[in-house]
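Heads up, the thing below is written out as C-alpha cells.
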Amino acid sequence: MDYLMKRLGEALGSCAVLGAAFGITFGLGVLVRHVA
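Here the sequence shown stands for residues 1 to 36, where the numbers follow full-length UniProt numbering.
Have a look at this one:
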C-alpha cells in the first residue's frame with residue numbers, strides 16, 4: 001500500500017508541475033496577444 005501511495009504522489013507531483021508549466025505558457029501567450 002505504501003508503494004501505491006508513493007507512486008500516486010509522484011504522478012500527482014508530475015501532473016502539478018506539467019499543469020503549472022502549461023498554465024504559465026498559456027497565460028504568457030494570452031498576455032502577449034492582448035498587448036500586441
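Where is the CB? At the ideal position from N, CA and C, for every residue including glycine.
Values in this document were obtained by computation on a predicted structure and should not be read as measured data.
{"Asked": "Endpoints, alpha helix (DSSP H) assigned at Met5", "Found": "2-35"}
{"Asked": "C-alpha gap between Ala21 and Cys15, whole angstroms", "Found": "10 angstroms"}
{"Asked": "CA-to-CA distance, His34 to Lys6, given in whole angstroms", "Found": "42 angstroms"}
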